[in-house]
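Quick note, the sequence shown lines up with residues -22 to -1, 1 to 468 if you use mature numbering (1 follows the signal peptide of the UniProt record, and there is no 0). Idealized CB from N, CA, C, for every residue including glycine. Remarks on the structure that follows.
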Amino acid sequence: MKLFKNKFLLGLACILMLAACYKDKGNYRYTDINNIQLSDTTSYTVLQFDTLKIQPQLKQSLPVNQNQLKYEWTARAIDPNLASQHFDVYTLSDKQNLDTVISLVPGQYRLIYKVTDNNTAISSYLFYDLKVGTNLSEGWMFVQQYAGSGDVSLLSPTGRMFHHIYEASNGSPLPADLQNLDINRKAVPNEIYLMTGNQGLEVSPTSFAKVKQFSNWFFNLPAVEKPMRNLVFTETSTSVSAGIFINNGLVHIKRYGGFPGDVLYGAELLLDGKTSYAAAPVIMTGDFNTNRYMAVFYDTKGKRFVGLRGPTYDITANMVHLPDSVDGTPFDANKVGLDFVYAGPTSNNYEYNTVLKDAGTGRYLFQLNLATAAAAKRKQLMNAPDIANATAFVSSLQLDYLYYAAGNKIYLYEVGPNSATQIFSLPAGEAVTAMSIDANYSKSTMMVGTYDGNKGRAYNFKLTVNGLVAGDSAYRKYDGFGKIIQMKYK
């Protein structure tokens, strides 16, 4: 038995030795892999909404047709100050060379270029440091309505125009009933508020990306969301700041001062213990004197002027009636009885022009001086051609004038003489929809928006020391708008 086992093991060893000596004659094929090498400078800087062009060098060890290569450009935000770097990835292009408008929010990004050989599914990568700056830090902003949407354009100090900046930064436009834009110049950086018929939101001043909404502005959220104005202002002589918000015709306030936490709006203020008023969407700010007014509003329900009064550093305030008329008072602020048309600041501090209308063609100018407790300064029936057809107004910030437009004609109304003169005629078929003189830009520049039923345009006029347009060629025209309803400079 032992001899048999030894013979078996010896035979098995011989078989294994013969197998080891057998030459494999299999028909195997080996293919070299295409090695893709990418090279380029690895750092770029671009301004938001500018075009970024990159042409990296691409070398192949075994060149293949371009249709066998797949390209992908992506970007991911990075923030060295955060422990987590989990940010959204944005696809920019699927072309070999990058040539695209960058709508990324200003900041630092890692830009990734990926090339894949479809034959092998092997990818090569090139990484860039990308810094996106802003084109939107300063300029004229144009609030516009389109068919089915709303948006904002910005004209930079260098003359570059950026249209649809909200949609570009947020992926979709605003509703078609976009109606107002306000700026909080107290905040650093400034805060930009946008208001539609039933929606309020805040956007970044450098990118126009949405950062807050209506619910973030209040301690206790109002039952109805119908934002009309959101104004934060500082009284010059005292440097005291406050915020005034008009929502659904009711006034809310917030105070800045020596208390911690977010500064938010409180509940609506009452008049005579009731919400018996409906403020027009204009805030006429006063001098914060406790015997006068923080602000005055036109009550479209009671057809009268009403005031806001309260202690300077207190978070409380009250809606109050203006003083009753006495002998010599130009008008009774509590019994006006006319419909609201326009209100805006004049060339004098705390003074405002207000245009009101009767049931017919009459247009009345009411002037208020909020540096006095009486407030009422002047009332007169406006002796002005085409005034009943006026579609836009703006007060001069240099002289006692009021500009208005009817159709394509611009008029200059002189308050003292109570007379008006046509000073400019725009192209036929265009109707003026908005006018603005913004002291944050220049008191001698007037921006005018027009609409022809299809497209909007903007005209930048230079004004003389006499308030006239400085010649037929003293303006610049800008195209590409929807219907312009408001213009402000930031």
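Limits of the beta strand (DSSP E) - the one that residue i falls within
| i | result |
| --- | --- |
| S403 | 397 to 403 |
| I143 | Segment 143 to 148 is the alpha helix (DSSP H) holding I143; no beta strand (DSSP E) there. |
| L104 | 100 to 111 |
| H230 | 228 to 233 |
| M424 | 423 to 429 |
| V121 | 118 to 124 |
| T78 | 76 to 79 |
| P323 | 317 to 323 |
| W51 | 47 to 55 |
| V130 | 127 to 133 |
| Y419 | Neither: Y419 is in no beta strand (DSSP E) and is coded neither H nor E. |
| L41 | First, the amino acid is wrong: residue 41 is Pro here, not Leu. P41 -> no beta strand (DSSP E), and no H or E assigned at all. |
| G285 | 282 to 287 |
| F223 | 219 to 225 |
Separation of residue j from residue i, as counted between CA atoms
| i | j | result |
| --- | --- | --- |
| S134 | F140 | 8 angstroms |
| H230 | K190 | 18 angstroms |
| M425 | Y276 | 26 angstroms |
| G449 | D378 | 21 angstroms |
| R287 | T350 | 13 angstroms |
| F318 | E392 | 20 angstroms |
| residue 471 | Y330 | The structure shown has nothing for residue 471, since the chain only spans -22 to 468. |
| K92 | P41 | 17 angstroms |
| I170 | N267 | 28 angstroms |
| S21 | Y106 | 5 angstroms |
| I90 | W51 | 6 angstroms |
| V210 | F344 | 25 angstroms |
| N96 | F27 | 33 angstroms |
| R435 | N326 | 31 angstroms |
| G235 | P323 | 27 angstroms |
| L25 | A245 | 41 angstroms |
| V181 | N361 | 43 angstroms |
| A257 | A383 | 25 angstroms |
| V130 | L348 | 33 angstroms |
| A273 | F283 | 11 angstroms |
| G296 | L247 | Residue 296 is actually Asn in this sequence, not Gly. In a straight line, the C-alpha of N296 is about 6 angstroms away from that of L247. |
Cutoff 7 angstroms; reference residue i; Cβ partners in own chain excluding five residues on either side
| i | result |
| --- | --- |
| Q177 | P153, F192, E203 |
| S403 | N386, K387 |
| A352 | P301, T307 |
| L316 | K281, L334, K335, D336, Y342 |
| A409 | T369, G385, N386, T428, Y429 |
| S17 | P34, Q35 |
| P405 | N386 |
Residue environment, residue i, which counts as buried when at least 16 other CB atoms sit within 10 Å
| i | result |
| --- | --- |
| F309 | buried |
| Y103 | exposed |
| A355 | The question names Ala, yet the displayed sequence has Lys at residue 355. K355 is buried by the Cβ-count criterion. |
| residue 472 | Missing from the structure shown is residue 472; the chain here goes from -22 to 468 and no further. |
| Q46 | exposed |
| V260 | buried |
| P200 | buried |
| I100 | exposed |
| Y456 | buried |
| P84 | buried |
| S374 | buried |
| Q44 | exposed |
| D10 | exposed |
| S150 | exposed |
| K232 | buried |
| R207 | buried |
| N225 | buried |
Integer Cβ distance of residue i from residue j, believed to fall under 8 angstroms
| i | j | result |
| --- | --- | --- |
| A221 | Y243 | Sequence inspection shows Gly at residue 221; the Ala mentioned does not correspond to that position. That pair is a contact at about 7 angstroms. |
| V110 | L156 | Going by Cβ atoms, the distance from V110 to L156 rounds to 26 angstroms, so no, they are not a contact pair. |
| L114 | L132 | 6 angstroms |
| I462 | T411 | 5 angstroms |
| L346 | T332 | 7 angstroms |
Close Cβ partners of residue i (< 8 angstroms) along its chain, the five nearest in sequence each way excluded
| i | result |
| --- | --- |
| N75 | K31, I32, Q33, P34 |
| Y419 | W118, Y467 |
| T29 | D77, T78, V79, I80 |
| T69 | E50, W51, T52 |
Cβ shell of residue i (< 6 angstroms), same chain only, five flanking positions each side left out
| i | result |
| --- | --- |
| T399 | L390 |
| Q38 | N12, I14 |
| Y87 | A53, A55, L108 |
| V298 | G285, R287 |
| P58 | none |
CB contact below 7 angstroms: residue i versus chain D
| i | result |
| --- | --- |
| V181 | Given the protein chain composition of this structure (a single chain), no chain D is represented. |
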